[in-house]
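Taking it in order: structure first as structure tokens, then the write-up.
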Amino acid sequence: MKGLSFEGYRVLGTAEQFARIYYEQGADEIIYQDAVASLYQRNSLEDIVRRTSSEIFIPLTVVGGLRTLDDIRSILRSGADKVAINTAAIANPDLISSASRAFGSQCIVVSIEAKRLAYGKYEAWVDYGRQPTGLDAVEWAQKAVDLGAGELLVTSVDREGMGTGYDIELTSIIASMVPVPVIACGGAGRKEHIVDLLTQGNADAVSAASLFHYNYMEPLETLYMSSDDSGLRMGKQIDEGNVDYLKTRMCGGLPWTLIEPASITDVKQLMGDSGISVRQAITQPKSVQGTAGRGQA
Amino acid sequence: MSGHSVVIVDYGLGNIFSVQRALTKVGASDVSISHDKQVIEKADRLVLPGVGAFGDGMKGLEERDLIPSIHDYAKSGRPILGVCLGMQLIMSHSEEFGTHAGLDLLSGKVRLLEPGKDGRFKVPHIGWDPLESGDGLTSTVGAWDDTLLKSVEEGSFMYFVHSYVVEPSDPKIQIASTRYGDDRYCSAFRKDNISGVQFHPELSGSDGLSIYRSFINGESAR
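One line per chain: the protein sequences are V and D, in this order. All residue numbers for the first sequence refer to my numbering, where the first residue is 1 and numbers rise by one. All residue numbers for the second sequence refer to my numbering, where the first residue is 1001 and numbers rise by one.
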């Protein structure tokens, strides 16, 4: 019932490898959050989506830099199952209704970045928590659904990258108000945070990035170190991505110690133990199982 | 590899490329997406995909004049698989936004999900839920042996995106059920060569892929 999603942002160069591993380890959905969309050529993002979608068979959501119906059509044709829009939706709310009419609301997600203000209010931000809009985030959430959003991706700007837990209140307010699923994003530092959110925050699904990236980083490096087979290029491709933040174990300017890495199996086990209906990871691929020092329950 | 020609019916709704990729992944060598009657008539396997509203789906088929071709195909005994909206279109009629006639390959109706009013179970239902065999009340060992679910274990989770569900007139054709709140609905059916699944096998990981593998190989769907 409860979904566990994964963001691949900050490591787009290695997105396919992470996506593959997360898929094989039991992720329920992959979210490609291209935080610096404008720095990449659109073609490059489409290529990554095309290669990923021929190998993973769970929902793939692409977030970032999609501004027009043509952008959305092109990414969907490349193999994304859903797109999430934020900046463009706020600048042009009609994009939500025209996109959900053209492609079906089930594939149009509206991403909401909410910054906590005084007195329990939240403001919608854009550009990955860099730009305030003056809009009330909760009112905007309702409007986005009225316009045809099929799901909401709700990120706490304050908690993103902090590792101190999700903003349960924010998630709860929006998830109990709207009739569509809410995926909560931003703040997981240990597996307990995920269970806290699902049991107290009414979220329909939860996404995490650093928690898992830290966990699965080491096995990838081991694969690279242990192989001189030119066919196994994970290590090489890791080098092409921005993984310095993983290697230096710094995250958002904070030391990594705030993050207690967890595997997907760990998290799902804890969810199950907490009475949350969840699809358990079943198959463990040999390529990861053989070398993973961590990442196994 | 399977040399059967598999045709995915394109009637303008839903992201059907993921269905094509899944079929290719499990070894189908000849997969096409088509709204050409002649291509559909010659297919060895037919997939009726789709996401969206029932009325739009039937309209899409009508506009392309595909309804007689699908009827002829189904009568020939070759395997046909309806996925999500495609499964619903196989039924006689739907109660979605008024009453719409369906393809009527199988007798039964399409009705709204009724998970209960406490608000915890949202409609549309989007997410992963497990399959139980038959009506979900009486477990039968080997119930899936002769169906597309033969490689799936009972209790496996599949990925759903829907607001409506099918209710076949003949409860015996229901091979799997899924619970959502207070509702327990038919999540897979099979009658002779006609199969349908309410979830998306192409988005349901390796268990989902095994359904397409069973569909393209062997005679399981006949």
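Glycine included, every Cβ here is placed at the ideal spot set by N, Cα and C. Computed from a prediction, not measured in an experiment: that's the story for all the values here.
is_contact[residue i, chain D] using C-beta, thresh 8 angstroms
i, result
"residue 272(V)", "no"
"residue 158(V)", "no"
"residue 294(V)", "Summary for residue 294(V): the model assigns pLDDT 24, below 50, so the residue's position carries little reliability; its value from the coordinates is reported in the next sentence. Output row for residue 294(V): interface = no."
"residue 200(V)", "no"
"residue 180(V)", "yes"
"residue 260(V)", "no"
"residue 25(V)", "no"
"residue 19(V)", "no"
"residue 16(V)", "no"
"residue 106(V)", "yes"
"residue 169(V)", "no"
"residue 53(V)", "yes"
"residue 113(V)", "no"
"residue 69(V)", "no"
"residue 76(V)", "yes"
"residue 79(V)", "yes"
"residue 47(V)", "no"
"residue 205(V)", "yes"
"residue 28(V)", "yes"
"residue 151(V)", "yes"
Buried or exposed (CB count within 10 angstroms, at least 16 for buried), residue i
i, result
"residue 1097(D)", "exposed"
"residue 1129(D)", "buried"
"residue 1155(D)", "exposed"
"residue 1171(D)", "exposed"
"residue 1122(D)", "buried"
"residue 1029(D)", "exposed"
"residue 1008(D)", "buried"
"residue 92(V)", "exposed"
"residue 1063(D)", "exposed"
"residue 155(V)", "buried"
"residue 179(V)", "exposed"
"residue 198(V)", "buried"
"residue 1101(D)", "exposed"
"residue 104(V)", "buried"
"residue 1147(D)", "buried"
"residue 66(V)", "buried"
Any chain V beta carbon closer than 8 angstroms to residue i
i, result
"residue 1214(D)", "no"
"residue 1208(D)", "yes"
"residue 1034(D)", "no"
"residue 1098(D)", "no"
"residue 1159(D)", "yes"
"residue 1124(D)", "yes"
"residue 1022(D)", "yes"
"residue 1015(D)", "yes"
"residue 1018(D)", "yes"
"residue 1202(D)", "yes"
"residue 1205(D)", "yes"
"residue 1051(D)", "yes"
"residue 1144(D)", "no"
Those residues which DSSP pairs with residue i across a bridge
i, result
"residue 1185(D)", "1178(D)"
"residue 136(V)", "123(V)"
"residue 1031(D)", "1006(D)"
"residue 1128(D)", "1159(D)"
"residue 185(V)", "155(V)"
"residue 1133(D)", "1176(D)"
"residue 148(V)", "Partner(s): none; residue 148(V) has no beta bridge."
"residue 115(V)", "123(V)"
"residue 1109(D)", "1093(D), 1167(D)"
"residue 1122(D)", "Residue 1122(D) is not bridged to any residue."
"residue 1191(D)", "1194(D)"
"residue 131(V)", "126(V)"
Residue from the options whose Cα sits closest to the Cα of residue i
i, options, result
"residue 1194(D)", "1018(D), 1026(D), 1088(D), 1039(D)", "1088(D)"
"residue 278(V)", "15(V), 72(V), 29(V), 16(V)", "29(V)"
"residue 1050(D)", "1164(D), 1082(D), 1022(D), 1178(D)", "1082(D)"
"residue 1165(D)", "1190(D), 1124(D), 1017(D), 1150(D)", "1124(D)"
"residue 1178(D)", "1113(D), 1071(D), 1205(D), 1031(D)", "1113(D)"
"residue 54(V)", "77(V), 72(V), 137(V)", "77(V)"
"residue 1133(D)", "1117(D), 1148(D), 1175(D)", "1175(D)"
"residue 131(V)", "86(V), 61(V), 144(V)", "86(V)"
"residue 1060(D)", "1168(D), 1189(D), 1103(D), 1196(D)", "1103(D)"
"residue 261(V)", "214(V), 64(V), 270(V), 143(V)", "214(V)"
"residue 115(V)", "73(V), 84(V), 167(V)", "167(V)"
"residue 191(V)", "270(V), 60(V), 88(V)", "270(V)"
"residue 161(V)", "88(V), 186(V), 65(V)", "186(V)"
"residue 1052(D)", "101(V), 109(V), 169(V), 267(V)", "101(V)"
"residue 1191(D)", "1144(D), 1005(D), 1065(D), 1117(D)", "1144(D)"
"residue 1161(D)", "1197(D), 1167(D), 1142(D)", "1197(D)"
Residue i beta carbon near the ligand NAP (any heavy atom closer than 7 angstroms)
i, result
"residue 1068(D)", "In terms of ligand content, the structure shown is empty, and the ligand NAP therefore cannot be addressed."
CB contact check: residue i to chain B, cutoff 8 angstroms
i, result
"residue 58(V)", "In the structure shown, chain B cannot be found, because the protein chains are V and D."
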